[in-house]
Amino acid sequence: MGKNKVILVTGGTGLVGKAIQHIVELENLPDEKWIFLSSKDGDLCDYQATKKIFETHCPTHVIHLAAMVGGLFHNMAHNLDFLRNNLHMNDNILQISYESRVEKVVSCLSTCIFPDKTQYPIDETMVHNGPPHPSNFGYSYAKRMIDIQNKAYHEQHGCMFTSVIPCNVFGPHDNYNPESSHVIPGLIKKLHDIIEKGGDTFTVMGTGKPLRQFIYSVDLAKLFLWVLRNYQEVEPIILSVDENSEVTIKELAEEIAQAFNFKGTIVFDTTKADGQYKKTASNAKLRKYLPDFQFTPFSLAMKESVNWYRENHEIARN
């Protein structure tokens with residue numbers, strides 16, 4: 001990136017946005033002006049409201065994080081809302097970025113958009129190889145369309161629009177609302193509340209057997225900045241921890257319990273759905289570019305995430 005960049009971050013007050021803000025403040029680069037948007041700054045599903053934001057800030061670069069997101073059960077109940085809201089939002093951001101001559105847009109996809117029936121590990125070439133898991137098809141198809149649009153804008157107009165595909169992200173400033181949270185923040189809040197009430201049983205939904213890769217938001221933020229400044233492909237890139245860093249939900253629950261120093265019992269409610277058994281992602285493409293990148297050890301990242309929630313639970317998104 002050259003001189004005097006104005007970088008607009010949609011969804012800038014969420015989990016990943018806050019982590020990027022943290023890294024940017026540490027770097028303190030004089031030729032970069034960063035604007036972190038929240039939902040209060042305007043409705044990105046509305047074309048005119050979005051255009052007004054771009055006219056106000058005149059960004060040269062955009063990191064597009066804003067999305068309607070949620071956990072397994074929230075997705076299952078609202079597939080149409082996830083589809084429509086995300087389609088409108090993404091279309092507005094990309095079209096107005098093109099109209100405003102934005103130099104580069106980096107959008108955020110997710111590993112849960114991959115085909116339900118696939119080979120593992122999944123890689124960047126497999127996004128469109130079959131239907132996604134039926135539980136979140138609305139969100140998945142809307143996110144897949146970003147990749148389609150990126151290619152179309154590049155082909156027709158030469159735009160440098162690209163996307164990243166993180167594995168499951170966690171860290172400070174997450175969404176802890178039981179109705180819409182992902183697994184780590186949901187379990188952190190749950191165990192925090194149990195401890196507050198003096199309970200000694202930590203019940204986790206499902207069998208505890210599914211496998212997941214989790215990336216600490218601070219690590220993801222560093223990788224996002226690398227993509228913004230250095231990655232010059234329209235094709236997406238998976239930002240994930242290594243395959244051997246995959247953990248079971250049982251191991252995850254134990255890690256959270258350890259971070260809280262919880263001495264009670266962990267119980268698994270096997271009457272509840274597990275979701276996909278695994279969605280192992282290959283980070284071979286990332287490792288080709290950054291062979292020496294060091295991820296924060298999982299137990300340390302979990303400890304920091306739990307400590308943040310304990311200190312900030314009254315102001316957190318509960």
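So the sequence shown is numbered by UniProt numbering: it starts at 1 and just counts up by one.
For glycine and all other residues, C-beta sits at the position ideal for the given N, C-alpha and C.
Fair warning: this is a prediction, and the values are worked out from it, not measured in the lab.
Sequence-distant residues of its chain with Cβ nearer than 6 angstroms to residue i (five each side left out)
i	result
serine 38	Thr13
valine 62	Leu8, Ser97, Val102 and Val105
proline 115	Asn129 and Gly130
tyrosine 277	Pro210
histidine 88	Cys45
Close Cβ partners of residue i (< 7 angstroms) along its chain, the five nearest in sequence each way excluded
i	result
leucine 26	none
isoleucine 194	Phe202
lysine 52	Gly42
phenylalanine 54	Ile96 and Ser100
Option in the options with minimal Cα separation from residue i
i	options	result
asparagine 85	Ser140, Gly171 and Thr271	Ser140
lysine 109	Leu15, Ile165 and Pro291	A small correction: the amino acid at residue 109 is leucine; lysine does not occupy that position in the sequence shown. Comparing Cα positions, the closest option is Ile165.
cysteine 159	Arg287, Asp147, Glu55 and Lys190	Asp147
alanine 66	Asn92, Arg229, Ile237 and Val218	Asn92
phenylalanine 298	Met205, Lys288, Asp219 and Tyr277	Asp219
asparagine 261	Asp292, Lys303, Lys288 and Leu225	Lys303
lysine 222	His22, Asn4 and Val6	His22
cysteine 167	Lys288, Cys112, Ala301 and His154	Cys112
methionine 205	Lys117, Ala257, Tyr120 and Lys272	Lys272
tyrosine 120	Arg287, Gln213 and Ser217	Gln213
Residues bridged to residue i [DSSP beta-bridge criterion]
i	result
methionine 89	Looking at the DSSP assignment, methionine 89 forms no beta bridge with any residue, so it has no partner.
phenylalanine 170	Tyr216
leucine 8	Ile35 and Val62
methionine 302	Bridge partners of methionine 302: none, in fact.
residue 329	Because residue 329 is not part of the residues shown, which for the chain are 1 to 318, the question remains open.
Continuous beta strand (DSSP E) stretch holding residue i: start and end
i	result
phenylalanine 202	201-205
Sequence-distant residues of its chain with Cβ nearer than 8 angstroms to residue i (five each side left out)
i	result
asparagine 283	Ile238, Leu239, Ser240, Val241, Asp242 and Glu243
Residue i - containing alpha helix (DSSP H), residue span
i	result
valine 127	That residue, valine 127, is in no alpha helix (DSSP H); it is neither H nor E in DSSP.
phenylalanine 268	That residue, phenylalanine 268, is in no alpha helix (DSSP H); its beta strand (DSSP E) goes 265-269.
leucine 239	Not the alpha helix (DSSP H): leucine 239 falls in the beta strand (DSSP E), residues 237-239.
serine 140	137-157
lysine 288	284-289
lysine 104	Lysine 104 -> not in any alpha helix (DSSP H); beta strand (DSSP E) instead, spanning 104-108.
Counting beta carbon pairs with one atom in the segment 125-132 and one in the segment 79-88, are three or more of them shorter than 8 angstroms? The segment 79-88 makes no contact with the segment 125-132: fewer than 3 CB pairs, one atom from each, lie closer than 8 angstroms.
Three or more beta-carbon pairs under 8 angstroms between the segment 247-265 and the segment 162-178, yes or no? Under the three-pair Cβ rule at 8 angstroms, the segment 247-265 does not count as touching the segment 162-178.
Segment contact, 8 angstroms Cβ cut-off, at least three pairs: the segment 238-245 with the segment 41-53: By the Cβ test, the segment 238-245 is not in contact with the segment 41-53, since fewer than three Cβ pairs between them sit closer than 8 angstroms.
Check whether the segment 264-277 and the segment 226-234 touch, using three or more Cβ-Cβ pairs below 8 angstroms as the test. The segment 264-277 vs the segment 226-234: no contact.
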